[in-house]
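Just so you know, we're using our numbering here: the sequence shown kicks off at 420 and counts up by one.
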Amino acid sequence: MSTLADQLSAVQARIDAAARRVGRDPAEVTLLAVSKTHPAETIVEAFALGVRHFGENRVEEAAPKIAAVRSMLGGRSAEIVWHMIGHVQSRKAEDVAQLFERVHSLDSAKLARRLSRFAGERGRVLQTLLEFNLSGETSKQGLRSDAAAWQEVEEIIALPHLQIDGVMTMAAVVDTPEQTRPTFRGVRVLRDELQRRFPQCAWSQLSMGMSDDFEVAIEEGATLVRLGRALFGERQSHLD
Ligand SMILES: *Cc1c(COP(=O)(O)O)cnc(C)c1O
């Protein structure tokens with residue numbers, strides 16, 4: 420079995436190669452290590468190897484882990500950027516606003532109002548991406564790029580304690596990575612539309628691409644790739 424250090428350098432080389440293939444600077448692509456189901460010790464090990472961005476999808480799991488990492492790393496833990504990548508229930512908004520620097524999975528104005536309020540109470544501004552469902556899968560969360568969504572976006576971007584700066588999407592489960600390309604390309608089209616409709620936001624971040632399809636996502640403009648299995652191996656539990 421290869422070590423985390425081996426996996427990380429292999430992944431980094433693949434990120435660099437994918438970016439170069441399309442003439443992008445690899446530094447534009449942030450590796451987000453998805454640490455869900457893995458213990459705090461694994462996060463600390465990845466931190467020692469230079470990883471600073473970690474993604475979790477469940478508040479119940481993330482809260483004790485973030486606390487454990489803080490106590491293991493002490494002051495250095497402030498270098499970590501914690502990303503919430505899973506669906507957030509309204510009643511968890513307060514915890515999310517406290518624990519995470521960035522939320523990828525904002526999919527309603529209702530949740531946005533709560534996150535903004537709780538972030539404001541803590542004197543924070545949450546970096547936030549709007550999650551869009553472009554794969555057409557009805558089981559997936561996310562806004563659909565339609566008139567109702569533009570209304571919600573309008574309301575969300577006016578909130579004072581959220582800094583909306585991009586879009587997140589999940590591709591459908593497919594047989595080959597290449598099949599995800601139309602979805603990722605659709606994100607760029609969506610981004611251009613958002614830029615036209617809401618020029619007051621930056622729309623610079625595209626969170627797309629996971630272990631099976633991150634190279635295609637980078638070729639199509641991803642700035643944040645969310646990698647679990649490619650770094651840490653298969654997950655034991657099914658809490659994903
Ligand atoms: C689990 C998860 C990932 C990482 O998936 P891998 O296939 O292990 O890379 C990325 N994004 C979200 C939203 C996830 O829940």
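For glycine and all other residues, C-beta sits at the position ideal for the given N, C-alpha and C.
Review point. DSSP three-state call for residue 635: helix, strand or coil?
Key: Residue state, collapsed to three classes: helix.
Review point. Hey, is the region 602-621 in contact with the region 463-471, meaning 3+ C-beta pairs nearer than 8 Å?
Key: Taking a cut-off of 8 Å for Cβ pairs, the region 602-621 and the region 463-471 do not touch, as fewer than three such pairs fall below it.
Check your understanding: Does DSSP put residue 570 in a helix, a strand or coil?
Key -> Collapsing the DSSP output to three states places residue 570 in a helix.
Check your understanding: Which runs of the alpha helix (DSSP H) fall wholly inside the region 555-619 and span at least 4 residues, in chain order?
Key -> Taking only runs of at least 4 residues, the alpha helix (DSSP H) segments lying wholly in the region 555-619 are 566-576, 600-616.
Point to revise | Inter-residue Cα distance where the pair is residue 648 and residue 512 | key: Distance between the alpha carbons of residue 648 and residue 512: 27 Å.
Point to revise | In DSSP terms, what residue 521 is bridged to | key: DSSP lists 502, 546 as partners of residue 521.
Exercise for review: Specify which residues have a beta carbon nearer than 5 Å to any heavy atom of ligand 1, listing them in chain order.
Suggested key: Ordered along the chain, residues surrounding ligand 1 are 453, 476, 504, 629, 630, 645, 646, 647, 648, 659 [Cβ under 5 Å from any heavy atom].
Review point. Buried or exposed: which applies to residue 563, given that a residue is buried once 16 or more other Cβ atoms fall within 10 Å of its Cβ?
Key: Of the other Cβ atoms in all chains shown, fewer than 16 fall within 10 Å of the Cβ of residue 563; this residue is therefore exposed.
Review point. Who pairs with residue 474 in a beta bridge, going by DSSP?
Key: As DSSP reads the structure, residue 474 sits in a beta bridge with 453, 502.
Review point. Exposed or buried, what is residue 527 when buried is set at 16 or more other beta-carbons lying within 10 Å of its beta-carbon?
Key: Only buried fits residue 527, as 16 or more other CB atoms lie within 10 angstroms of its CB.
Practice item. On the DSSP bridge assignment, give the partners of residue 624 in chain order. Key: Answer is 585.
Check your understanding: Which first and last residues belong to the alpha helix (DSSP H) in which residue 665 is found?
Key -> There is simply no residue 665 to check, as the chain begins at 420 and stops at 659 in what is shown.
Exercise for review: Report the three-state DSSP secondary structure of residue 507 (helix, strand or coil).
Suggested key: Coil.
Check your understanding: Taking the C-alpha atoms as reference points, what is the distance between residue 434 and residue 498?
Key -> Cα atoms of residue 434 and residue 498: separation of roughly 22 Å, rounded to the nearest angstrom.
Check your understanding: Okay, do the region 581-597 and the region 622-635 touch, 3+ Cβ pairs below 8 Å being the bar?
Key -> Result yes; three or more Cβ-Cβ pairs closer than 8 Å.
Check your understanding: Going straight from the alpha carbon of residue 415 to that of residue 568, what length do you get?
Key -> For residue 415 there is no data in the structure shown, the boundaries of the chain being 420 and 659.
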